[in-house]
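If you count the sequence shown from 1, position 78 lands on 78 in the UniProt record's numbering, and the numbers rise without skipping. Note that beta-carbon positions come from the ideal geometry of N, C-alpha and C, so glycine has one too. Quantities reported herein were computed from a predicted structural model and do not represent experimental measurements. Data block below; observations after.
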Amino acid sequence: MIGFTRGDIGVAGDAGLPYYLASMAIRVVTIAPGLFKTPMLASLPEQAQQSLGAAVPHPSRLGNPGEYAALAVHIVENPMLNGEVIRLDGAIRMAPR
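This is how it looks when you write it as structure tokens:
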């Protein structure tokens, strides 16, 4: 698995990328994470972490790295996933900055 950011792929344009790379047995799947308990967020005061987690519709908490890892494993193990952006965000919709 090779990691690229959405911005990296955006340079080449990703709409046709899964189709183009399929002939080389390369799949394109993007994980769009929401609020996760990363070292940066873990450095915030507990009250700030709880406030951020409460903004997530369900489950109302920060995601944990194991949940992200489980999705990454599923993507690798499921060969039918291709050309998808999977939101892993507990249904939170954050405004663009």
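Of Tyr68, Ala42 and Ser43, the smallest CA-CA separation from Pro33 is found for Tyr68.
Just so you know, the alpha carbons of Asp89 and Ala55 end up roughly 11 Å apart.
When C-alpha distances from Ala91 are compared across Val29, Ser51, Ile75 and Pro57, the shortest belongs to Pro57.
In the structure shown, Val56 adopts coil according to DSSP, grouped into three states. When rounded, the separation of the alpha-carbon atoms in Leu52 and Gly66 is 19 Å.
Close CB contacts of Pro18 within its chain, under the 6 Å cut and outside five residues either way in sequence, are with Val28, Asn82 and Gly83 (chain order). Under the DSSP assignment, Val73 falls in the alpha helix (DSSP H) whose first and last residues are Pro65 to Glu77. Residue pairing from DSSP places Thr30 in a beta bridge opposite Val85.
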